[in-house]
Structures are given as structure tokens and as C-alpha cells.
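First the structure, in the form of C-alpha cells, and then the observations on it.
Chains as they are written, first to last, in full-length UniProt numbering: chain A, 1 to 709; chain B, 1 to 488.
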């Protein structure tokens, strides 16, 4: 712990041995009988002016509780059990509430994860910024108005005078987050706490916001405490990194050290679990088990139960801090004198064996493509916009506007794009959960559109869906057995024999790596990753050929995501499943997909094999999208970050798409022809097509220079 | 047979509800999720205390729901000679009293039959108003004096020693309290012993757990409530034998008896109404929310229209029509009790038909939310039939709202009955209910000197009943609402 170190100059925030506990689950008037569960146990760190400390950890590790604790904004059940929070020399935990209010917003300000809920929907933007100005700077009237304008300009909002009078619902998600940052900056804070500031945003918007935060920090020499689970964001933003696990900080290091030589086994595993090109098609490293529950924290090292290097000492004694390099500290017995015999460092880095298995899998995957399973041709889904008393249709939201796809057995097609581009709607329209307005969907040569429910039923067996949120996709009132058995029952499989069905359920549970005893338990008894396994089991139970995966890992932590991706890969190899993988995560695409289709505003703008699209992207949108993805590796890594292409603005409304090429208002290479008509499909190779005027047949010769740019 | 069982329609419904409650209990034992929710209710101390009070009310109501007509010994004779009634006494067909009694009436026979002339204060030995009394003086002359006449039954055992009343009351109270403490200790020891056997620990340890709030069930609240109830009910019971504990009303009837009889009316109104309301609101709400489109439009139109009509107006119109029907068909009813009962049911029905809109709207909204959830879409992707989706996926996830609404509506319906009876469109005037008591109190409060006890007693009991129901509703909402209960 940092308690022994002298406080160096310029330290803004000094947290020592912070302990935060939550009262037990059952609310009662007598608090003394309630067990207190320690969510944060002895966390200590320092933030200096002008530096960014990133607190990295998976969900439930106590990073948000720590941040809220610093501001003394814990929820009702939370208690500060001990520790010290020194901010500019004052111990915040001793301050009276009245003084604490000047610290919040004035001394340190916070940006929350969800911009949609952190602004008050019934107050104008000007009011919400002005509130802080009045409280902390005493500005009112014209002075406050001018300052608000400056702030909105500073956070990069165009036409700030107009925006001041607008309400949050009139702003887009990225704009709301900018307003939120403006509100946070209004009190001139010395420290900014950003709690997952970009998690709810698309990659292109995320890149904009991160860039904004960086420049604001440099301008104002603010300290920043960045809380995130995303290694890519850490790589871009942090000066120092603290890794949290189960309520403790287990490793703290300067960024470069952290990325070049992570020391703690947990950190190493985290890196290894990231899907990446190097392990394409192979198995990802996973961390076995799960984070221990608050009520049953082990006495020794908290990671011991999941650690490959753990030995007797780890289970008995909690490790002390060890300095392994300048500013690089780690809490692990491997680096203590007693652990000298154990070789540190090499555990998590992918070894030769992993690469070998990757190549084997890759060769297995490149077998001859089988006959086409799913053909989608010119699929359209238009939602009518109705207005007035008579509900006349005044227009259409073109959620999906002419999408064509083909998918063969045993292959994975990734459908990528920002939120609102219609990729989920495509999935649901293929499954006939949403009626298509036009086009055809053919599965195994049979047309799905326009069929009656009974005619569709035999085809429903062939295709299933895995949903994004494992907490919303399982009925909490049914046991796991009933959930999995439902599809078999509805589709009339296994007949009426209870015995046969129970055996089938057990078999499919084992297939997804769950115990047969899970049958009688209820979804709430399982963790997020296990729930997603149940959802996969439900889909598999009817033995489909096609599985539509709608962002199946976006709600999961990195280590759990790796488990699910591995499972999906194994199932594809064993059963020859075809996946239509809907995602916005390029790392996952890179790892899992054979082909990629990029969607923008209801249309596919680029299609090709994964190498073609991700290594040599052609469409300006694809290139911008790829450049915006923060890489979880430092620039020294061979696959360095491509130059960031800034995408101005946000995705337009599909009710009123721009004329010509939909992308032209945001495209740097747009020409006159782009504003006039939608580009034809140009074929670059036999598998690679793109819809862009830059590659139109008559222009290819003149455009070569541009595309290389 | 010494009596003729009478089955009123409301009795049937009440016992059906009891059956349904047992069914729910059976289901709860077998469904781990429901069981967990009920265990959360069991942990809530306020909830368990109010449940104990409610159980007493329900027990009274159930005792009052077994009706019979006693057999008349002979045309002029009365029921006293029941022991002598032999089956073979006469060949002529047995005659039964036209008065319908309940088991509760039988238990409360002294209260029911000891009728004074008119008003008397609680625990009084003399009437509340002066009267001209003829007294035969020692010299044999009859003299008229104006004085408070001696009550026929209130404190009759004291004879001429009316001054002894306070001492007598105090002695009875003391005795009752003593008995109460004894009974309570017995109950508490039995609970501790039972708990000790279940948890396999010493009785002392079980005792400590109860009072340190460490038992899984809020036994301390239950025991404390039982203690409180004993300390109130036992003294009332011992006093009620010889006094009018809450005084008498205008026609000399014991107010305590009226109060106890009102409990059943309140329960019927509160529970049977929800029976009418639930099917309507669940069916229409789920249909509107699940199918959307024109079904939704139609149902929304229906309930918006219905809830725009002033409720009291609608109820008044319906009740008056009902009354006309009842009055023009006297041949339908054998006894006055049956007529009053039908009118009570009609009121329940009308209240149910006018009050389903709120719950329906709530359920429609929840269904709209549920149908977009991914597990419903997963079921649709399997081609599961709509009806099955509704029954398996939507209804169970609505159940917490239904249970909460049921308990919450109970108290508001009990209050509504009081208001409607006050306006004169409530239950039959011959039926004793909190509403009719309050309605009568209107005149009593206006007279001088004021008669306050009738209203006060009705108020205290109704307040206790509604408060207990509300507290239990709170505890159940906390336990059943998935958002508050944490896990789904």
C-alpha cells in the first residue's frame, strides 16, 4: 500500500487504504445485525495534476464504488468503513457535508457512463450548465450565459448558442456526452473522474470523445481518474494504470510498462483473453472460474483460485506490494522472495502451442465452402411513420434498405456497423420476427417471406438466435430445463417422451459446458457468462443450421467473452453451424468471422473476406471505422494503430437519409457525384465488393491514387 | 336436525377464495421463486405483525360465513329448549326460524340478545338519556321521577351496588391481563420449542434467536402482536359478558356486536370485488399489450371511456336499478338475509366492473414492455403459439403486479364501501357494515349530548383493518417486486 510513501509534489488526490462496504441484501431497520460486505478493500492510489490514472477491471471489481466513494456519493446501502481520501491536502472523509458540496463539481467532477440518463430531460442544456456555474463560480445572468457558450464551444459543440436553449432529447448520444463533459468542466475542477465515459457510445463517437478529453486535460492540466474495462481506451488515454480485482488493486504501472510487460497473472490473462488476429480461429486464453462473491472472499490472494501459478502460500496469505520496476508495483507472491523459484512473467503470453493450435484450426476452416445455406436478396424493412388523427403514413424509416447476403454452412458472416444502422433488424427480419417490406430470404432454397406460421414452423428449427443481453433473454420464472425444452416442445421434437427430452436437455447442456444439475435451477442463480451459455443451449436444442448471434458478447467481461467465443468456435467446428454474427466489435470479427459485411444506414457498403475488409478496407466508412477502434496494444506492436480518420458528425436518421451516397456528408473524399446518386456495387476481387463512387468502373483508373492515400 | 344450513352466495365465494388461497400456498411451496418471495415477506416484521392482525379479522369473517336457520321448537317457543329437541317429537314438518344466524352469532349470543332500550355509554350501567320512571315508594305509592333508567343487561350482575362498577371493571381487567400474560407465555414457549426442534438447538438458543431477530421468520413481530392482541381482546371479552364495552346504539343493540359483524361485510367487499375485477383486467390488459393493433385500440377505448364516467354516478345508477329488481321480486328470497346478501354481491360486482381499469392499464403497460424482451422473441423464434407465450412467459411475469394490486385494492375497497353506504347506495340497510354504522353516526354526532362511541369504535376497527392490509401490501410489494427484490 502507498501509505509509507511520502506525498510528492503535485499530487492532487491521494487515496489510502480505502474500504467500502455494502450492507447485506435484506434491508432491515437494525443495521448492527446486518453483515457488511466489503466491496472495496484497502485501495490506495495517487493522481497528480495533468496525469491520467486508469482504473481497469471487470464488472463487480469495485471500481465504480471507489469512484463514487471518493465523492461520497455511495448509494444508501454503501458505507465507508475506513481509509483516507486526501484531495489537495484535505481529508474528504472528514469534511462536513456542506463543504463536501463545494468539492463535488468544484474540486472534482464526474462524468457518468450513460449520457442518456445523466442529463435531466426536463431542463435545457443552458440550465444544466448554468446550475453548476451558479453554484461554484457564482455566475448568473449574462456572465453565466457567456461562460456556458465558451464551455460548449470548448467541448466541440457546433452552434452552441442554439444548443443552450435545447433539451437533452434534441441531442444525439455523442452530443449529450459532450454536454455532460461541459457540465463537469463548468466548476473548473482540478480532477475529472470519468466512469466508463464511452462505453455506451459507438466507436467513431468514442474516438471523438476520447480525443476531446485528452485535449481538455492537456489544456487545463487536470488530473483524471478514468474508470474502464477497455484495454484499448487505457492504451490511448492513460499515463498510469491500476488493475483492480475483487476489490483490490493488484497491479499499478506506468502505461508503457504495463503494456510491454504486465506482471500480475490476472493482467496477463486479461491480455491473453483479448480476441486478436494472432489467434484467429484458435482458442482464446480464458480465466477459469469467476470473481469470488463478496460474501466469500478467500483469505489469501483473491485471484489464487483462478491463477495458473498459485501455490500454497497464495491461498494462505494475501500478497504485499512489490516494486518490480520504477513505478511498477504488483501484489503477487510470484515477485516476492519466497516466490523466487517460480518463473514469473511468461504465463499469460500466448505460447507456441496456442499459435500451433491456431494454425491447425485455420487450415481446418479453409476447407471447401459448402453449398449456400442462406440467401438474402434485396431485403427491405421499412417502418411507416404515422402522423395526425387519421394516422396517415407520412414517410418510412428505412431501417433496412436493400440488403443482400449469402452464407454457407460452417461459415461465419459478420455484420458490422454502428448502432442504428439496421444490423439487428436484418437479423430479426431473417428470422421472420419482423415482417420484411420487400426482398426475399431463402433458407435451404425455401422462401421464408410471406409464409404462414404453420408453414414456417419446420423451417424455424433450422435457424435460431442468440441475443445480446443474457439477463433479458431468459425468462426468470422458468427453470433452465423448461427454457431449453421449450423449443423442442414447440417444434414437436423428441415427441412426448419425458425421458428422451430430459436426456436431450442434459446433452445440450454438456455441449455448452454446463452441468446437468443446472436443469432444475433458475436463471438468476447463474452469472452472465453462464446465462449466455444457457441461451446458446436453448438455440442448439433444436439443432439449427443457422444461428444469428446478436452481439452475444457485448454485455460480458473480456475473460467471459473469450469463453463464449471459444464455445461458439468449437460448436461451429463440431456441428458445422453457420453464424450470422451481428456486432460492432472488430476484435471479435477479426477472431471469429470468415466474411464481413459493413452496414451503414440500412445498406451494406462493403463486403468481403475478413482479410480483405479488415486489412485493406476500401470504403471510406470502413476505413474510418477501423481507424477509430482503439487498439489494446501500444504503437511499438507490429500491428500499430492506423492513422485516426476523424468522422465528423453522427449517423443520420434512417427516416431521412442524405441524397446520393448516404455517407457523403461525413466523407472526406466525397465528390459531386456522391451527392447525386447512390453508388453502384463495384467488384474489387471475386469476394470483395464495395459501394463507393471511388471504385466505380469508369473511375477506377483515376482513383487509384486516392484510395492508397 | 336442529338447524337448517343456509348457503348464501357470498359464503360460497368466500370459501372458494379460501380454497384458492390454499392452492396458492401449495403452488408457493412447490415453486422456489414464489417460495423465496414469501420467505422475504416472512422476514418483514411489519408485514408479519399486520398479517397476524389480519388473520384475526379473517377468522372472524370466516366464522361469520357459516350460516344456518335454527329449528323452532314450537310456534311460540324459542331456541332455549334445544336440548329437548328430539327427532321424533312430531310428525308435522319442522319449522325453522326466518332469522339466518351464523356461527359467529352463536358465539356472540349474549351480545346479540342483550338489547337495551336505546343509547348507553360504554361500560355504563344506566342509560344515556333521562326518562320518566315510575317508582313504587315504601308507602306503596307510585311516584314518577325523571332519572337515567337502569340498564336491563349492562352491569346487571351488580344488582343495586352500582358504585361497585369501577372496582368490578378493574378486577376483571386485572384478571384478564393475568390470563393474557399466561396464554402469551405458553404460546411463546411453544414457538421457541418448535423452533428449537427444527433448528436442532437448545430452547434457550431458540429464544435468543427470536428476540435478536436472527430467525428466518419474523417470530418476534408475530409474538409481540399476539401479545398485544391478547392484552386487548381478553379484557374486552371478559367485560363484554356483563357490560356493553362499546356502549349501545339507538335501538339498544350492542356496538361491539355490530363491529364484529361489520368485519365480514368489509372482507366480502374487499375480496369478492377483486374476483370480479381480476379476470377482466388481466385478460384485457394482456390482450391489449400483447397483440397491439386494433385489439389494443378497442380495449384502450373501452377503459378510457369507462374511467371517464364518474364512478359514483355509475355505481349509484347500477345499485338503484338493482334495488328495483330486488324489490319487485320478493319471491326470490326466502329470508331477509338472502336479499341483503344478493345486494352485497351486486355491489361487489358493480364495484368490480367499474374499478378494473386501473389494473388493466398497468398490466397493458407491463405486457408492452415484456413482449419486447428477448426471451419472448426467442419463444417467437421457436414458433411457440401466442396463447402459450402469454400463459408461460407473460402471465408469470405479471403475477407480482397482480398480487400487489390485489392487496392494495383491498383497503381502498373497504373504504369505498364506507363512502358508498354513507351516500346511501351501499349495502342493504339491514346489513351491518362499517359504512352503515358511519352513516348512522351522522345523526348521532348532531344530537346533544353527542353519541360518539359508535363512530369511534367503527373508526378504530376499520382503521386497524385497513392499516394492517396496507402494511402487508407494502411488505408484499417489497418482496414480490423484482426491481426491489434484487434478483429476478
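By construction, the Cβ of each residue, glycine as well, lies at the ideal position given by its N, Cα and C atoms.
Alpha carbon to alpha carbon, how far is residue i from residue j?
i	j	result
residue 157 (chain B)	residue 242 (chain B)	7 Å
residue 458 (chain A)	residue 379 (chain A)	22 Å
residue 183 (chain B)	residue 234 (chain B)	10 Å
residue 223 (chain B)	residue 188 (chain B)	7 Å
residue 402 (chain A)	residue 605 (chain A)	11 Å
residue 348 (chain B)	residue 181 (chain B)	41 Å
residue 646 (chain A)	residue 403 (chain B)	55 Å
residue 191 (chain A)	residue 247 (chain A)	22 Å
residue 184 (chain A)	residue 110 (chain A)	6 Å
residue 10 (chain B)	residue 99 (chain B)	17 Å
residue 342 (chain B)	residue 258 (chain B)	20 Å
Tell me whether residue i sits in a helix, a strand or coil according to DSSP, three-state version.
i	result
residue 554 (chain A)	coil
residue 324 (chain A)	strand
residue 245 (chain B)	coil
residue 303 (chain A)	coil
residue 162 (chain B)	helix
residue 691 (chain A)	strand
residue 200 (chain B)	coil
residue 142 (chain B)	strand
residue 70 (chain B)	strand
residue 79 (chain B)	Unreliable positioning characterises residue 79 (chain B) in this predicted model, as indicated by a pLDDT of 45, which lies under 50. The coordinate reading is nonetheless provided below. Three-state result, residue 79 (chain B): helix.
residue 429 (chain B)	coil
residue 645 (chain A)	coil
residue 372 (chain B)	coil
residue 434 (chain A)	coil
residue 160 (chain A)	helix
residue 719 (chain A)	Given a span of 1 to 709 for chain A in the structure shown, any question on residue 719 (chain A) remains unanswerable.
residue 333 (chain B)	coil
residue 32 (chain B)	helix
residue 285 (chain B)	helix
residue 124 (chain A)	coil
Can you tell me whether residue i is buried or exposed? The criterion is at least 16 other CB atoms within 10 Å of its CB, across all chains shown.
i	result
residue 398 (chain A)	buried
residue 269 (chain A)	buried
residue 397 (chain B)	buried
residue 154 (chain B)	buried
residue 486 (chain B)	Residue confidence is low: residue 486 (chain B) scores 45 on pLDDT, short of 50, so the model does not pin down where it sits. No coordinate-derived value is stated.
residue 500 (chain A)	exposed
residue 120 (chain B)	buried
residue 220 (chain B)	buried
residue 691 (chain A)	buried
With the cut-off set at 9 Å, would you say residue i and residue j are in Cβ contact?
i	j	result
residue 662 (chain A)	residue 613 (chain A)	no
residue 424 (chain B)	residue 440 (chain B)	no
residue 227 (chain A)	residue 178 (chain A)	no
residue 85 (chain A)	residue 13 (chain A)	yes
residue 232 (chain A)	residue 631 (chain A)	yes
residue 212 (chain A)	residue 249 (chain A)	no
residue 83 (chain A)	residue 21 (chain A)	no
residue 544 (chain A)	residue 461 (chain A)	yes
residue 68 (chain B)	residue 5 (chain B)	yes
residue 137 (chain A)	residue 188 (chain A)	yes
Could you tell me whether the stretch 594–602 of chain A touches the stretch 312–331 of chain A, where touching means 3 or more Cβ pairs closer than 8 Å?
-> No, the stretch 594–602 of chain A does not touch the stretch 312–331 of chain A.
Can at least three beta-carbon pairs, one atom from the stretch 534–552 of chain A and one from the stretch 483–494 of chain A, be found at a separation below 8 Å?
-> Here the stretch 534–552 of chain A lies against the stretch 483–494 of chain A, with 3 or more beta-carbon pairs under 8 Å apart.
Using 8 Å as the Cβ pair cut-off and three pairs as the minimum, do the stretch 282–291 of chain B and the stretch 360–368 of chain B touch?
-> By the Cβ criterion, the stretch 282–291 of chain B is in contact with the stretch 360–368 of chain B, since at least three pairs of Cβ atoms, one from each stretch, lie closer than 8 Å.
Meets three-Cβ-pair contact criterion under 8 Å: the stretch 244–261 of chain B and the stretch 45–53 of chain B = No, they do not touch.
Does the pairing of the stretch 286–293 of chain A with the stretch 234–241 of chain A give three or more beta-carbon distances under 8 Å?
-> No, they do not touch.
Would you say the stretch 420–427 of chain A touches the stretch 443–454 of chain A, given that touching needs at least three Cβ pairs under 8 Å?
-> With a cut-off of 8 Å, the stretch 443–454 of chain A and the stretch 420–427 of chain A do not count as touching, because too few Cβ pairs lie within range.
Is it a yes or a no for the stretch 404–415 of chain B touching the stretch 464–484 of chain B, going by three-plus beta-carbon pairs under 8 Å?
-> Between the stretch 404–415 of chain B and the stretch 464–484 of chain B there are three or more inter-stretch CB-CB distances shorter than 8 Å, so the stretches are counted as touching.
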